[in-house]
Every structure is written in C-alpha cells, then in structure tokens.
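Enquirer: Attaching a single structure in structure tokens format; questions to follow.
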C-alpha cells in the first residue's frame, strides 16, 4: 500500500479552497463529467434533491469534477447554482491532464479522501435516469452498515449492455468469483474505507485511461473482500456527452483495463473457484421485451468481413483450434447465425492471453476484437429474441457458467 | 638442343617458384585474415544474439508485428538471430575485402578502405529502411483494423496501399542516403507519388464513384444504426 493520491496532487489551489469550503461531510456525491454539459445539471439537480429530503439530518455535499477539455459543464452547473433553491452545498472543480473519464473518477475519490465522508457516491454526469430516490437507495446500505460498496443493477432489454452481459460480467464472475450485473453502471457508492484503500493502491497511468479506474474500483472491492451489494436502480439512460466513442474505442477503453487487471490479480483468479451471486437489496431487476428494431444482418456482415480480412491479425491472437471453430460460422446466413458461448469464451480468454503477452500492439488487438464481438452479439440477440424475455436470465447464467468452465487452464497459459 | 631445353625448363621452374615464394606469404595472410574474420564474426554473432535476447527483442518484435512480417517474407528465424546473421556477414564481408587487399593486386587496391568508408551510409540507410518497414507494418495493420471495423469492403487493399506507400517512401529515403542516383530517385519518387495521388483521385472520382458512394452510405447507415437501440456498456 502506497500513500493515497491526494486532492492537492490533482487540483489547483483555488479548487482546493472550493473543496474545503464544503467542510467535513458525511455523504459526498461526486458527479464525474467528461464534456457533459447537456446532462450534468439534471444529474446534479437529482443528486441535490436526493440528499435534501431523506438525508436532511446528515451533512452532505456534491462535487462536480470535470476532466474534459471544455468549460461548458462547470458553466452550466454554475448557472444552475445561481438560481437554485437552497440545498446541500455544491462545488465544481476541474482536473488537469489528458481528458478521460477515469481522471474525473480519480478526482472525485481524491476529494472524498480529503473530506473524509462515511459514504462517497460516484455518479456519471451523463446518467440522466438518476432520480433522487435512486441516489438514496445507493448510499443507504453503507450508511446502515450493511455494505462497503454498492453497485447498481438495472432493468434492461437483451440489447442493452451487451458488452457487459456477454464479456465483462461473465469473465468477472469466472475470474473473481462474484456475479455482478454492472461493472460500469454509471454510479456506485463506496465507504470511506474503500476510498482510502483504492487511492492507496498503486495507480498507474494506464489505470486512468478510458474506464480503467471504474473497472478497477469494482474488481478491487471483490478482490479485497469488501462487502458488495447490488441495488435496483430502475432503467438506465446514459447521455454519452459531446463525442461518444465508436464501438472499437469503447471496447479498447473497457476490455483493455479489464485485461490489464488480470495481470495484477493473477494470484487471486488463478486459485478462485465457482462464483457466487452478489447480494441484492430490493427487487431484482426485470428484463424487458425489445422495443426497437435490431439489424442482426449488419452485425453478421461485420463478423464475416472480419473473418475474411482480419485473419492475419486474429491468427496472432487466437489459438489454432479457436480459430478453426470460427470458420464454419462464416458460412451461416443471418437467419441461422450462431456463435456458441463456448467459442466466444475461448475467444475472450485467447485475447486476454494475447494481451498479456503483448503479441500485437495492445490497441490493435483490442480493436480487432470488434467484429468477433459483433458476431457474438448477433448470435446472442438471435437466441434471446427467439424466446420470452423471462428466458434471458437463464441465458445469461449459462454464459457465466461457460466462462467458468473455459477458464480452466488459463493460469497455465499465463506465463 | 637438350641443354637449351633444360635451361628453359629450369628457368621457368625457378620463375614459378620465385613467384610462388613472392605470393605465398600474401596467400597465407589472406587465409589468416579470412579465418580470423570468420572467428571474430562468429563471436560477434553469438554476442549479438545473446544481448538482443536479453533485451527481449524477439517478444518486442512480435508485438510490433516485425516477426509476422519476417515470416511472411519467408524468414522464419527469430529477429535476434537475423540481426546476429547480419552482424556476422557484415564483419565477414569486411574481412574478405581486407583479405583481397592482402594480395596487393593493383585492381583491388583501396577496395576495402572504400567499402569501409561507405559503411556508415549503409548502416544509416539500413536503419531508415528498417524503421520504415516497422512503420509500414504498424500503419497497415492499424488501417486494416480500422477499415474492417468501418465495414469497408476493400480494407486489405487500402491497408496494402498504405504499407507500400510507406515502404516506397522509406526505400527512396534509404537510396538517397546511399547516394545512389540521388536525382533520379528524387525525381522518380516525386513523379510516382504525384502520379499515384492523381491516379487515385481520378480512379476514386470517376471509376470508383460507386465505391465512394458505398463508403459514404455505410457511414451514414452506421449513424442510422443508433436506431438499433443497441448499447454496449
């Protein structure tokens, strides 16, 4: 454990005074923004309302941390502050350095460490579905001493969060033994102790790229044995802000940090056994029927194009038998397309090993996963569209089990 | 008659022996230089391979895509071994030239010195070419992945074009460094580059307008794809 990263290392003096003006707080909400002026005010307003009513007897504060290159977010929140009704104190700060969502999270954590709250809630400035009640549900388990870390779970359709449902969550369950619905839920709550522990772990620059710190936050909590609970937060709507990243970049920014953490926690996952479900507080999230049209043929076409043109790249990442199992899939039409979870799990673990061994430039490797992922999503959506939404949890559990089976032998390959 | 014949024979024999006696030390020196050169080259090869293996060059080259490129070019050996071979042959080649100098033949006078003077340029040109090669592979792979992810139908063609463009540029730079037909290389490269750009512009504008439309449509379709209600994270 190293010395925790302090706010004084990340903030300018002026911003430090602003943060200190909040005084010691019991509950701190960190609104993490990356050029999200459009939605930030709505999120801050919901957070302020959430802190005002049920937590009125506690000292609360909100800090808006902008890690982007534009000042519109802070201006918009400043304008709202000038006309607001009285409520919990709000301050706005800017984090220097390359724009990244993880930097905003790091800033919020550092402010939390400085102010020493019992609970720190982290909320994405684009989470427009956040309601005052949802914020209350997020912080309550920690205030009640029932948990150290609270993760959201959402009611969703099969086509929402497919990278999470098909890769991040099942791989997390297989490696770290906890079946959690969201690794990147757009919000989370941590106890003060977890915040200190997280900031004390050696932070590398690579942790601050993309969603690196958000993913580390969840996995660190699992590895350290913190008490994690899930609370149902309704539907999730996230406004990605000015420049939403394309799919390949999203994969690089989420799967990359996840693979990187596999190096750090090798001793943990190489000994782990079967996974357990993270305890839930409140109703379980529902699965809704698909509302819009999904163009499966486009995804299948992307997969086939990848199989035709990206073979030289995939040959370097995948084992021969994994690659051989993909060839027949290229002959299937969109109506009959399948990409079995077993094949997909092997692809995911092969890519993790290739990432670890740096067989290719890592960014190239992660981006080359895109057509494979689209193929898997097409097959997953075809499978889930064919049945009732009630069947989907069983399908998701099945994917998790397959990842646990396919994990066998991974430690031996991790040289 | 017999005396004259034997005189000529003895004189010829003496002449040959004298010449051999004159050349033999040089021949011996030549053989010695070759043997010493071979030994030094072999030791240098072994040291080079060991140093580059210690520096984890083979794994790094695999990461940079160099090993795959070597393999595609028919060189199945590890990069550290290839560099070791290069070092061996460079030293051995210099030793061979030196050994030829040892013969003191008028035709080869100053040959080794000339080649050694030229070596720095050769090394720089080789470095330029190697960096160009690495860059070409890296860029071609990046373009290939980006084009496939954008669902462009001719992704390998575009990646190949990028690769060759960078390789040609690196080749021209290396030749210029060597001073080989400098003006001709510059002129040829300029004409070829401008011609390629013009040809691509014409091909894309006239012959490839359908492809241009397809690419633009696929981009617009992709933007429409947001209507899929598909969220990934």
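Residue numbers (our numbering), protein chains in the order written: chain S, 288 to 702; chain X, -16 to 216.
Here a beta-carbon is modelled for each residue, glycine too, at the ideal position from N, C-alpha and C.
Take residue 561 of chain S and list the residues in its own chain whose beta-carbon comes closer than 8 Å to its own, dropping the five residues that flank it on each side.
Expert: Walking along the first chain from the start, residue 561 of chain S turns up at place 274. Cβ within range, chain order: 464, 691.
Enquirer: Does residue 208 of chain X come out as helix, strand or coil in the three-state DSSP assignment?
Expert: Here the question's residue 208 of chain X lines up with position 225 in the second chain. Low local confidence applies: a pLDDT of 45 at residue 208 of chain X is under 50, so the model's placement there is unreliable, with the coordinate-based value given in what follows. In the structure shown, residue 208 of chain X sits in a helix (DSSP, three-state: H, G or I).
Enquirer: Please state if the CB of residue 440 of chain S and the CB of residue 498 of chain S are separated by a distance shorter than 8 Å.
Expert: If you number the first chain from 1, residue 498 of chain S lands on position 211. If you number the first chain from 1, residue 440 of chain S lands on position 153. Not in contact: residue 498 of chain S and residue 440 of chain S (Cβ atoms no closer than 8 Å).
Enquirer: How big is the Cα-Cα spacing for residue 528 of chain S and residue 414 of chain S?
Expert: For the purposes of this step, residue 528 of chain S is identified with residue 241 of the first chain, where counting begins at 1. For the purposes of this step, residue 414 of chain S is identified with residue 127 of the first chain, where counting begins at 1. Their backbone Cα atoms lie some 10 Å apart in a straight line.
Enquirer: Nearest to residue 360 of chain S by alpha carbon, out of S:610, S:319, S:681, S:347?
Expert: By one-based count along the first chain, residue 360 of chain S stands at place 73. Ranking S:610, S:319, S:681, S:347 by Cα distance to residue 360 of chain S puts S:319 first.
Enquirer: Can we say the stretch 584 to 592 of chain S touches the stretch 661 to 675 of chain S, given the rule of at least three CB pairs closer than 8 Å?
Expert: yes
Enquirer: On the three-state DSSP scale, how would you describe residue 220 of chain X?
Expert: Residue 220 of chain X is absent from the model: chain X starts at -16 and stops at 216.
Enquirer: Restricting to Cα atoms, I'd like to know which of X:39, X:28, X:215, X:19 is closest to residue 69 of chain X.
Expert: To locate residue 69 of chain X, count along the second chain from 1; it is residue 86. Per the Cα distances, X:28.
Enquirer: Whole angstroms is fine: what's the gap from residue 372 of chain S's alpha carbon to residue 512 of chain S's?
Expert: Here residue 372 of chain S is taken as the residue at index 85 of the first chain, counted from 1. Here residue 512 of chain S is taken as the residue at index 225 of the first chain, counted from 1. It is roughly 41 Å from the alpha-carbon of residue 372 of chain S to the alpha-carbon of residue 512 of chain S.
Enquirer: So, does the stretch 104 to 116 of chain X touch the stretch 145 to 158 of chain X, judging by three or more C-beta pairs under 8 Å?
Expert: Contact between the stretch 104 to 116 of chain X and the stretch 145 to 158 of chain X is present, because at least three Cβ pairs lie under 8 Å.
Enquirer: How many angstroms separate the CA atom of residue 402 of chain S from the CA atom of residue 642 of chain S?
Expert: Taking the first residue of the first chain as position 1, residue 402 of chain S is located at position 115. Taking the first residue of the first chain as position 1, residue 642 of chain S is located at position 355. Looking at the two C-alpha atoms, the distance is approximately 38 Å.
Enquirer: Please work out which residues of its chain come closer than 8 Å, Cβ to Cβ, to residue 538 of chain S, disregarding the five sequence neighbours upstream and downstream, and give them in chain order.
Expert: Locating residue 538 of chain S in the first chain gives position 251, counting from the first residue. Excluding positions up to five away in sequence, the list reads 450, 653, 654, 656, 657, 660.
Enquirer: Along chain S, in chain order, which residues have C-beta atoms closer than 7 Å to that of residue 149 of chain X?
Expert: Stepping through the second chain from its first residue, residue 149 of chain X is reached at position 166. Here the premise fails: no neighbours, minimum Cβ distance about 16 Å.
Enquirer: Please name the residues in the stretch 587 to 606 of chain S whose beta-carbon is closer than 9 Å to at least one beta-carbon of chain X, in chain order.
Expert: 588, 589, 592, 593, 595, 596, 597, 599, 600, 602, 603
Enquirer: Return helix, strand or coil for residue 650 of chain S, following the three-state DSSP convention.
Expert: Taking the first residue of the first chain as position 1, residue 650 of chain S is located at position 363. Of the three classes helix, strand and coil, the one that applies to residue 650 of chain S here is helix, per DSSP.
Enquirer: List, in chain order, every chain X residue whose beta-carbon is nearer than 7 Å to that of residue 439 of chain S.
Expert: As a first step, residue 439 of chain S must be located in the first chain, where it is residue number 152. Contacts between residue 439 of chain S and chain X, judged by CB atoms closer than 7 Å, are missing: the closest CB pair is about 13 Å apart.
Enquirer: Which residues of chain X have a Cβ atom closer than 8 Å to the Cβ of residue 341 of chain S, listed in chain order?
Expert: Here residue 341 of chain S refers to the residue found at position 54 when the first chain is read from its first residue. By Cβ distance, chain X contributes nothing, its closest Cβ being about 29 Å from residue 341 of chain S, past 8 Å.
Enquirer: Say the cut is 7 Å; is the CB of residue 168 of chain X nearer than that to a heavy atom of the ligand ADP?
Expert: By its list of ligands, the structure shown contains no ligand whatsoever, and the ligand ADP lies outside what it can speak to.
Enquirer: If we call anything under 8 Å between Cβ atoms a contact, is residue 639 of chain S one with residue 549 of chain S?
Expert: As a working note, residue 639 of chain S is residue 352 in the first chain. As a working note, residue 549 of chain S is residue 262 in the first chain. In this structure, the beta-carbon distance from residue 639 of chain S to residue 549 of chain S falls below 8 Å.
Enquirer: Report the residue ranges of all beta strand (DSSP E) runs contained in full by the stretch 478 to 538 of chain S; include only those spanning at least 3 residues, in chain order.
Expert: 515 to 522
Enquirer: Is there contact between the stretch 77 to 84 of chain X and the stretch 17 to 26 of chain X, where contact requires at least three CB pairs shorter than 8 Å?
Expert: yes
Enquirer: If you follow the alpha helix (DSSP H) that residue 411 of chain S is part of, which residue opens it and which one closes it?
Expert: Indexing the first chain from 1 puts residue 411 of chain S at position 124. Premise fails: residue 411 of chain S lies in the beta strand (DSSP E), 406 to 411, not in any alpha helix (DSSP H).
Enquirer: What does residue 125 of chain X reach in chain S if we use C-beta pairs closer than 9 Å?
Expert: Within the second chain, the letter at position 142 stands for residue 125 of chain X. Residues of chain S passing the Cβ test: 648, 650, 651, 654.
Enquirer: Three Cβ pairs or more, each shorter than 8 Å: is that satisfied between the stretch 373 to 386 of chain S and the stretch 416 to 428 of chain S?
Expert: Fewer than three beta-carbon pairs drawn from the stretch 373 to 386 of chain S and the stretch 416 to 428 of chain S are found closer than 8 Å, and the two stretches are therefore not classed as touching.
Enquirer: Opposite residue 448 of chain S in the DSSP bridges: which residues?
Expert: Taking the first chain and counting its residues from 1, the one referred to as residue 448 of chain S is at position 161. Paired residues: none, contrary to the question.
Enquirer: Please classify residue 316 of chain S: does DSSP put it in a helix, a strand, or coil?
Expert: Against the first chain, residue 316 of chain S aligns to sequence position 29. Strand.
Enquirer: Just checking my contact of residue 331 of chain S with residue 306 of chain S at CB under 8 Å: how many whole Å lie between their CB atoms?
Expert: Along the first chain, one-based indexing puts residue 331 of chain S at 44. Along the first chain, one-based indexing puts residue 306 of chain S at 19. About 16 Å separates the two Cβ atoms, so there is no contact after all.
Enquirer: Please report the residue range of the beta strand (DSSP E) in which residue 374 of chain S lies.
Expert: Here residue 374 of chain S refers to the residue found at position 87 of the first chain. Note, residue 374 of chain S: premise wrong, no beta strand (DSSP E); not H, not E.
Enquirer: Evaluate residue 494 of chain S with the Cβ neighbour count: other Cβ atoms within 10 Å of its Cβ, from every protein chain shown; 16 or more gives buried, anything less gives exposed.
Expert: If you number the first chain from 1, residue 494 of chain S lands on position 207. With 16 or more other Cβ atoms within 10 Å, it is buried.
Enquirer: Taking the beta carbon of residue 480 of chain S as the centre, do at least 16 other beta carbons fall within 10 Å, making it buried, or is it exposed?
Expert: Here residue 480 of chain S corresponds to residue number 193 of the first chain, with the count starting at 1. Label assigned to residue 480 of chain S: exposed.
Enquirer: What's the gap between the Cα of residue 53 of chain X and the Cα of residue 59 of chain X?
Expert: Residue 53 of chain X sits at position 70 when you count from the first residue of the second chain. Residue 59 of chain X sits at position 76 when you count from the first residue of the second chain. Spanning the two alpha carbons is a distance of roughly 7 Å.
Enquirer: Are the C-beta of residue 446 of chain S and some C-beta of chain X separated by less than 8 Å?
Expert: Position 159 of the first chain, counting from 1, holds the residue named residue 446 of chain S. Residue contact with chain X for residue 446 of chain S: present (Cβ-Cβ distance below 8 Å to some residue of chain X).
Enquirer: State the start and end residues of the unbroken alpha helix (DSSP H) segment that holds residue 674 of chain S.
Expert: Locating residue 674 of chain S in the first chain gives position 387, counting from the first residue. Per DSSP, residue 674 of chain S belongs to no alpha helix (DSSP H) and is neither H nor E.
Enquirer: State the CB to CB distance for the pair residue 387 of chain S and residue 501 of chain S, rounded to an integer number of angstroms; the pair is presumed to be in contact (CB under 8 Å).
Expert: Position 100 of the first chain holds residue 387 of chain S. Position 214 of the first chain holds residue 501 of chain S. With 8 Å as the limit, residue 387 of chain S and residue 501 of chain S do not qualify as a contact, their Cβ atoms being about 11 Å apart.
Enquirer: Could you confirm whether any beta carbon from chain X is found closer than 8 Å to the beta carbon of residue 534 of chain S?
Expert: Stepping through the first chain from its first residue, residue 534 of chain S is reached at position 247. Taking Cβ atoms only, chain X reaches closer than 8 Å to residue 534 of chain S, which makes this a yes.
Enquirer: With DSSP as the reference, identify every bridge partner of residue 443 of chain S, one or two as the case may be.
Expert: As a working note, residue 443 of chain S is residue 156 in the first chain. For residue 443 of chain S, which the question treats as bridged, DSSP gives the partners S:574.
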